[in-house]
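Asker:
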Amino acid sequence: MATLSVVIFVSALALIAVEWVHRTKVALAGAALMVLTGAVDQEHAIESIDWATLGLLAGMMVIVGLTEPTGVFTFLALRVAQLSKGNPIALVFLLALVTGVLSAFLDNLTAILLVVPITLLIADILRISPIPLVLVEILSSNIGGTATLIGDPPNIMIGTARPELSFLDFIVNLAPVAIVTLVVVTGGLALVFRSQLRVDPARAQEIAALDAARDMREADKVGRTMAVLIGTIVAFFLHTLLHLEPAVVALTGATVMLLVAADDVEAALERIEWSTLFFFIGLFVMVGGLEEQGVVDNVAEWLADLTGGSSTAEGLVVLWGSAGGSALVDNIPFTAAMIPVVSSLQGTEFDDGLWWALALGACFGGNATMIAAAANVAATGILDRNGQPVSFARFLAVGVPVTFVSLVIATGYLLLFQL
Amino acid sequence: MPRLRDLPLVDASIPDSATFADAVARLFEARVPALAVTSADGRLVGVVSELDVLRAVFPRYLAELRHTAFLEDDLAGLDERADAVRDRPVAELARSVAVLDGGESATHAAERFLHTGEQALPVVEGGRVLGMLSIAALCHARFDRVER
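Protein chains in written order, with the working numbering: chain Z, 3 to 421; chain L, 93 to 240.
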């Protein structure tokens with residue numbers, strides 16, 4: 003039965019990676035097979051679902067969904083383009099900064115969906131290729147999302163699975179390394195792409211002449227939604243003091259947002275991406291099957307043997323292994339499978355270093371390939387629809403070096419401060 | 093009970109060998125929101141709507157931007173863009189949509205319009221395109237009937 007559960011899970015991962023079938027269908031079919039074959043019993047299957055993760059995701063989807071139509075994010079992206087004054091290096095750094103910050107405090111997929119369309123417009127006005135800018139944004143979104151508990155799905159899953167790790171812990175332990183990585187990676191990309199981003203000063207003047215604030219409609223609504231968004235982020239910082247789980251903070255924020263900014267509740271709730279939530283449900287049940295069959299413990303034992311029980315070696319194997327796994331499949335299912343492995347690996351003694359290694363590996367690994375993170379798939383999809391296709395190989399040529407450099411920085415950081 | 097074949101269908105078809113520019117001109121003349129694209133033997137290949145040509149002539153990302161009021165002037169590359177697509181074959185834009193049968197009822201057509209979001213649908217019978225039925229034509233025919 004253990005072998006069967008592994009076959010189901012690995013087949014699902016492979017199908018998710020090749021994208022022949024929608025990932026949610028694959029995850030739900032895998033979950034159904036786990037239950038129907040008896041790899042996991044029905045009670046354990048239900049218990050395996052991490053409702054806190056689903057609540058956190060749903061809450062943030064509502065909050066962001068109601069903030070986005072106010073035009074605040076378009077304003078932000080446009081302002082940074084204006085601030086760059088047509089200097090390609092400045093443009094790359096400012097777009098990377100705004101994408102990284104939005105990713106950290108919204109989530110990386112949302113950040114990409116907000117900044118990429120306006121970037122296409124900016125590139126159109128400047129008459130430059132949007133591809134280098136969008137690639138920078140994809141990579142920045144995955145690096146920026148690493149900095150917080152809510153920035154990237156792997157962190158959301160880790161944060162809700164391990165209540166010992168607070169929102170502030172994520173910021174203190176991951177934000178510094180994410181910032182350094184963002185600066186180094188963006189600097190490298192700016193140098194690589196600078197010749198493709200030369201801007202005619204007259205075009206830069208066209209951008210400067212735009213009235214960025216003109217699209218911020220309904221000023222009172224902008225004020226209300228931003229107050230709730232900022233209030234929710236502050237509450238995330240204070241959630242340990244308030245004795246509130248991150249999911250409770252997100253759902254409370256979503257409720258307040260619905261009360262103050264939703265004219266039509268039905269339409270507001272349509273912003274919840276149900277396919278994503280069901281994808282998570284399928285994954286949790288499949289991983290529950292692996293746990294029940296002892297596969298997770300076996301992998302943890304194998305890892306412990308491989309590393310000779312050294313926590314430093316374990317941390318580095320988790321970091322690089324998670325990055326490799328996330329690059330090959332998708333960092334969400336990979337993290338779902340790795341969370342119980344890391345729990346089992348550390349035994350009864352809680353070691354946050356291993357969790358930071360997992361977060362850094364899964365999030366940074368999301369930059370390696372086009373399919374490694376949902377943000378990459380979404381952004382390259384938008385480029386494709388706009389007649390600017392990016393091939394798998396072209397993404398790889400940028401993504402792999404960036405991931406390697408990121409992991410080297412993460413390795414240094416873990417060795418110096420965590421392991 | 094009148095059937096769809098009895099309604100004022102518009103002869104708004106275009107051969108699949110025509111260009112985007114031909115399609116836009118035909119849409120403009122025919123005053124229907126969509127054209128039936130047909131093969132050389134008169135079979136339906138798909139439809140091309142006003143929205144389809146809008147998406148082809150203007151950047152696709154506009155649909156993903158919620159607001160563009162800050163753009164007081166046109167984007168500089170619009171003419172070049174239009175010039176680049178005007179001679180492309182309309183078959184590239186043809187989409188499969190719900191097809192109405194000439195023997196079906198107006199109520200069924202109304203339900204199809206509501207659920208597909210299309211503004212005009214092809215009415216076929218025996219594999220032959222009878223014409224395009226628009227929402228306006230469907231409702232206009234109903235008012236006409238009431239007045240009579």
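Glycine included, C-beta positions come from ideal geometry on N, C-alpha and C. No experiment lies behind these values; they were computed from the predicted model shown.
Output, in sequence order along the chain, the residues in the region 80-94 of chain Z whose CB is closer than 8 angstroms to any CB in chain L.
Answerer: Correct list: L80.
Asker: Name the DSSP beta bridge partners of V221/L, please?
Answerer: Here residue 221/L refers to the residue found at position 129 of the second sequence. V221/L is bridged to V216/L.
Asker: Roughly how many whole angstroms lie between the Cα atoms of L385/Z and A375/Z?
Answerer: The sequence position of residue 385/Z within the first sequence is 383, counting from 1. The sequence position of residue 375/Z within the first sequence is 373, counting from 1. The straight-line gap from Cα to Cα measures roughly 16 angstroms.
Asker: Could you tell me which of G134/L, S226/L, S131/L and D108/L sits nearest to A183/L, measuring between CA atoms?
Answerer: Taking the second sequence and counting its residues from 1, one reaches residue 183/L at position 91. The candidate whose alpha carbon is nearest that of A183/L is D108/L.
Asker: Quick one, which of L163/L, S197/L and D103/L has its alpha-carbon nearest M224/L's?
Answerer: Indexing the second sequence from 1 puts residue 224/L at position 132. Per the Cα distances, D103/L.
Asker: Per DSSP, A128/L is paired with what?
Answerer: Counting from 1 along the second sequence, the entry for residue 128/L is found at position 36. Answer by DSSP bridge pairing, in chain order: S105/L and V139/L.
Asker: Applying a beta-carbon distance threshold of less than 9 angstroms, which residues of chain Z neighbour P181/L?
Answerer: Counted from its first residue, the second sequence places residue 181/L at position 89. The contacting residues do not exist; P181/L stays about 16 angstroms from chain Z at best.
Asker: Shortest alpha-carbon distance to I158/Z belongs to which of A60/Z, A221/Z, I209/Z and L212/Z?
Answerer: Indexing the first sequence from 1 puts residue 158/Z at position 156. The option with the nearest alpha carbon to I158/Z is A60/Z.
Asker: Starting from the Cα of I18/Z, find the closest Cα among A31/Z, S7/Z and L6/Z and give me that residue.
Answerer: As a working mapping, residue 18/Z is identified with position 16 in the first sequence. The candidate whose alpha carbon is nearest that of I18/Z is A31/Z.
Asker: Taking the straight line between their C-alpha atoms, what separation do you get for V116/L and A201/L?
Answerer: Indexing the second sequence from 1 puts residue 116/L at position 24. Indexing the second sequence from 1 puts residue 201/L at position 109. Their backbone Cα atoms lie some 25 angstroms apart in a straight line.
Asker: Taking the runs of the alpha helix (DSSP H) that are 4 residues or longer, which of them lie wholly in the region 47-83 of chain Z?
Answerer: The qualifying runs are 53-69.
Asker: What in chain Z is Cβ-close to R152/L, meaning under 8 angstroms?
Answerer: What you label residue 152/L is simply residue 60 of the second sequence in a count that begins at 1. Residues of chain Z passing the Cβ test: R387, N388 and G389.
Asker: How many angstroms separate the CA atom of Q207/Z from the CA atom of P125/L?
Answerer: Numbered from 1 along the first sequence, position 205 holds the residue referred to as residue 207/Z. Numbered from 1 along the second sequence, position 33 holds the residue referred to as residue 125/L. One C-alpha to the other measures close to 39 angstroms.
Asker: To the nearest whole angstrom, what separates the beta carbons of Y201/Z and P90/Z, a pair I think is in contact under 8 angstroms?
Answerer: For the purposes of this step, residue 201/Z is taken as residue 199 along the first sequence, with counting starting at 1. For the purposes of this step, residue 90/Z is taken as residue 88 along the first sequence, with counting starting at 1. A small correction: the amino acid at residue 201/Z is Val; Tyr does not occupy that position in the sequence shown. About 6 angstroms; that satisfies the 8 angstroms criterion.
Asker: Closer than 9 angstroms between beta carbons: that is the criterion. Which residues of the region 349-375 of chain Z meet it against chain L?
Answerer: Under the 9 angstroms Cβ criterion, the region 349-375 of chain Z contributes no residue.
Asker: Report the residue from V250/Z, T227/Z, I373/Z and I124/Z whose alpha carbon sits nearest the alpha carbon of R25/Z.
Answerer: Start at 1 with the first residue of the first sequence, and residue 25/Z comes out as number 23. The shortest C-alpha separation from R25/Z is found at I373/Z.
Asker: If I'm right that D109/Z touches G153/Z with Cβ under 8 angstroms, what's the distance once you round it to whole angstroms?
Answerer: Here residue 109/Z corresponds to residue number 107 of the first sequence, with the count starting at 1. Here residue 153/Z corresponds to residue number 151 of the first sequence, with the count starting at 1. Contact holds; Cβ gap of about 6 angstroms.
Asker: Beta-carbon of I133/Z versus every beta-carbon of chain L: anything under 8 angstroms?
Answerer: Numbered from 1 along the first sequence, position 131 holds the residue referred to as residue 133/Z. Not closer than 8 angstroms to any Cβ of chain L, the Cβ of I133/Z fails to qualify, so no.
Asker: Quick check: the Cα distance between V221/L and A14/Z, rounded to an integer number of angstroms?
Answerer: Here residue 221/L refers to the residue found at position 129 when the second sequence is read from its first residue. Here residue 14/Z refers to the residue found at position 12 when the first sequence is read from its first residue. Roughly 45 angstroms between the two C-alpha positions.
Asker: If the cut-off is 9 angstroms on Cβ atoms, which residues from the region 144-178 of chain L count as contacting chain Z, listed in chain order?
Answerer: Listed in sequence order: P151, R152, Y153, L154, A155, E156, L157, R158, H159, T160, A161, F162, L163, E164, D165, L167, A168 and G169.
Asker: Measuring CB atoms only, is the region 188-198 of chain Z touching the region 91-104 of chain Z, in the sense that at least three cross pairs come out at less than 8 angstroms?
Answerer: With a cut-off of 8 angstroms, the region 91-104 of chain Z and the region 188-198 of chain Z count as touching, because enough Cβ pairs lie within range.
Asker: Alpha carbon to alpha carbon, what distance is there between T309/Z and P156/Z?
Answerer: For the purposes of this step, residue 156/Z is taken as residue 154 along the first sequence, with counting starting at 1. For the purposes of this step, residue 309/Z is taken as residue 307 along the first sequence, with counting starting at 1. Rounded to the nearest angstrom, the two C-alpha atoms are 24 angstroms apart.
Asker: Could you work out which residues of chain L lie near D213/Z, taking near to mean beta carbons separated by less than 9 angstroms?
Answerer: For the purposes of this step, residue 213/Z is identified with residue 211 of the first sequence, where counting begins at 1. In chain order: A161, F162 and E164.
Asker: Do you know offhand how far L285/Z's Cα is from T76/Z's?
Answerer: Numbered from 1 along the first sequence, position 283 holds the residue referred to as residue 285/Z. Numbered from 1 along the first sequence, position 74 holds the residue referred to as residue 76/Z. Whole-angstrom Cα-Cα distance: 34 angstroms.
Asker: Name the chain L residues that come within less than 7 angstroms of D126/Z, Cβ to Cβ?
Answerer: As a first step, residue 126/Z is located in the first sequence; it is residue number 124 there, counting from the start. Neighbours of D126/Z on chain L, chain order: P151, L167 and G169.
Asker: Beta-carbon of G161/Z versus every beta-carbon of chain L: anything under 8 angstroms?
Answerer: If you number the first sequence from 1, residue 161/Z lands on position 159. Judged by the 8 angstroms Cβ criterion, G161/Z is not in contact with chain L.
Asker: What three-state label does DSSP hand T111/L in the structure shown?
Answerer: If you number the second sequence from 1, residue 111/L lands on position 19. T111/L falls in the strand class under three-state DSSP.
Asker: So which residues on chain L does I384/Z lean against when the C-beta distance must stay under 8 angstroms?
Answerer: Within the first sequence, the letter at position 382 stands for residue 384/Z. Result: Y153 and E156.
Asker: Please list the partners that G73/Z has in chain L, where partner means a Cβ-to-Cβ separation under 8 angstroms.
Answerer: Start at 1 with the first residue of the first sequence, and residue 73/Z comes out as number 71. Those are R158 and H159, listed as they occur along chain L.
Asker: Could you list which residues in chain L have their beta carbon closer than 8 angstroms to that of I120/Z, in chain order?
Answerer: What you label residue 120/Z is simply residue 118 of the first sequence in a count that begins at 1. Here the neighbours are L157.
Asker: Please compile the residues from chain L whose C-beta is within a distance smaller than 7 angstroms of the C-beta of R216/Z.
Answerer: For this step, residue 216/Z is matched to residue 214 along the first sequence. Within chain L, the residues near R216/Z are A161 and F162.
Asker: Between which two residues does the alpha helix (DSSP H) harbouring P100/L extend?
Answerer: The count along the second sequence starts at 1 and reaches residue 100/L at position 8. Taken as a continuous stretch (DSSP letters only), P100/L belongs to no alpha helix (DSSP H), as it is neither H nor E.
Asker: When the cut-off is 8 angstroms and only beta carbons count, does T76/Z lie next to chain L?
Answerer: Numbered from its first residue, the first sequence carries residue 76/Z at position 74. Yes, because at least one Cβ of chain L sits closer than 8 angstroms to the Cβ of T76/Z.
Asker: Can we say the region 141-157 of chain L touches the region 173-192 of chain L, given the rule of at least three CB pairs closer than 8 angstroms?
Answerer: Yes: the two stretches touch, three or more of their Cβ pairs being nearer than 8 angstroms.
Asker: Strictly below 7 angstroms CB to CB, what residues from chain L border L123/Z?
Answerer: To locate residue 123/Z, count along the first sequence from 1; it is residue 121. In chain order: Y153 and L157.
Asker: Using the three-state DSSP reduction, which class does P181/L fall into: helix, strand or coil?
Answerer: In the second sequence, residue 181/L corresponds to position 89, counting from 1. Residue state, collapsed to three classes: strand.
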